[in-house]
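What follows is a single structure, written as structure tokens, with notes after it.
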Amino acid sequence: MNRSGKAAAQAAPQGHEDGAESLRRAEVILTAARLFRKHGYERTTVRELARAVGLQSGSLFHHFRSKEEILVAVMNNGIQEVLDEGRQALDRYRTPADRLAALFRVHMWSMLHGAGGDAMNALVYEWRSLSASSQASVKALSDRYEAMWQDAVAAAVAAGVLRGDARVIKRCVLGAMNLTVQWYKPEGRLRPAAFIDEMLRASLPALPEGAGRWPVA
1 MNRSGKAAAQ AAPQGHEDGA ESLRRAEVIL TAARLFRKHG YERTTVRELA RAVGLQSGSL
61 FHHFRSKEEI LVAVMNNGIQ EVLDEGRQAL DRYRTPADRL AALFRVHMWS MLHGAGGDAM
121 NALVYEWRSL SASSQASVKA LSDRYEAMWQ DAVAAAVAAG VLRGDARVIK RCVLGAMNLT
181 VQWYKPEGRL RPAAFIDEML RASLPALPEG AGRWPVA
């Protein structure tokens with residue numbers, strides 16, 4: 001199972017039935033993310049989603065109570081993926097510059113490869129489709145991710161690597177990365193790894209060249 005699938009499945013299964021349930025939920029979440037990106041949340045029908053994962057429409061609600069709950073799961077899956085990967089990236093490095101650059105690369109890499117980008121697309125375009133209670137659920141996880149970023153940016157400012165208000169820097173950088181789902185084409189002039197390098201140079205030019213780089217990016 002890939003990283004996105006692991007995040008979608010969430011907890012480790014305790015038995016065969018629980019494992020099958022987790023895998024099925026993961027399949028629904030990843031497929032829904034792809035369909036929501038392709039057609040939009042409102043235009044993607046429950047029947048279409050069920051058919052794409054080999055279920056009857058009614059059977060889909062054995063795994064999720066509503067279509068909105070699926071959208072929440074899509075968003076939370078994307079956030080959880082970059083949260084988990086971000087923590088691992090921070091553990092690889094000691095300097096503020098490397099740690100911040102590593103977070104940047106994780107975020108971009110996730111967005112450019114399948115489900116991460118699909119989930120971010122949902123967060124950018126489908127937020128208003130959620131009820132207030134569902135927005136609160138997603139925001140709780142998003143706040144944890146942003147707090148990790150805030151700490152990394154603040155550490156870079158404190159070390160003299162960056163200058164400025166850490167909160168403003170964080171918002172500008174995350175916003176720039178998230179909006180690449182609107183315009184970047186992986187099949188275009190810049191392949192993903194080169195594009196990530198260029199985005200890092202443009203977004204955080206004070207960071208040393210090659211900071212936070214590891215084999216994945």
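Each residue of the sequence shown is one higher than the one before, counting from 1 in this note's numbering. Each residue gets a CB set at the ideal place from its N, CA and C atoms; glycine is no exception. In this text the structure is predicted, and so the values were computed from the model without any measurement.
Cβ-Cβ separation, residue j to residue i (assumed contact under 8 Å), whole Å
i	j	result
GLY188	ASP98	The Cβ separation is near 29 Å, so there is no contact.
LEU71	TYR41	6 Å
VAL153	LEU162	7 Å
HIS60	VAL28	This sequence places Leu at residue 60; His is not what is there. Between VAL28 and LEU60 the Cβ distance is about 7 Å, and since that is below 8 Å, they are a contact.
LEU83	ARG144	6 Å
PRO96	ALA155	4 Å
Residue environment, residue i, which counts as buried when at least 16 other CB atoms sit within 10 Å
i	result
GLY78	buried
LYS185	exposed
ALA170	Just to set this straight, residue 170 is Lys in the shown sequence, not Ala. With 16 or more Cβ atoms within 10 Å of its Cβ, LYS170 is classed as buried.
ALA101	buried
THR44	buried
ALA26	buried
GLY210	exposed
GLY116	buried
Chain B within 8 Å of residue i, Cβ atoms only
i	result
GLU42	Within the model displayed, chain B is absent; a lone protein chain is all it includes.
Among the options, the one whose alpha carbon lies nearest that of residue i
i	options	result
HIS113	GLU81, ALA140, ARG144, ALA154	GLU81
ALA33	MET75, GLU48, ALA155, HIS63	MET75
PRO208	GLY160, LEU23, VAL124	GLY160
VAL222	MET199, PHE195, LEU190	Nothing in the structure corresponds to residue 222, since the chain is present only between 1 and 217.
Whole-angstrom distance between residue j and residue i, CA atom to CA atom
i	j	result
GLU21	HIS63	8 Å
LEU35	ALA158	43 Å
ARG65	ALA73	11 Å
LEU49	LYS38	12 Å
LYS67	LEU30	14 Å
PRO192	GLU85	18 Å
MET148	LEU103	9 Å
SER129	VAL46	15 Å
VAL53	ASP197	36 Å
TYR93	ARG87	11 Å
MET108	GLN56	36 Å
GLU146	MET111	16 Å
VAL124	GLY19	31 Å
SER131	GLU69	10 Å
SER142	GLN182	20 Å
TRP127	ALA194	30 Å
GLN150	ARG51	41 Å
GLY58	ALA140	30 Å
GLY164	LEU190	30 Å
Can you confirm whether the segment 164-182 touches the segment 119-130 when touching is taken to mean that 3 or more C-beta pairs between the two stretches lie within less than 8 Å? yes
Can we say the segment 131-139 touches the segment 198-209, given the rule of at least three CB pairs closer than 8 Å? The answer is no - the segment 198-209 does not touch the segment 131-139, with fewer than three Cβ pairs under 8 Å.
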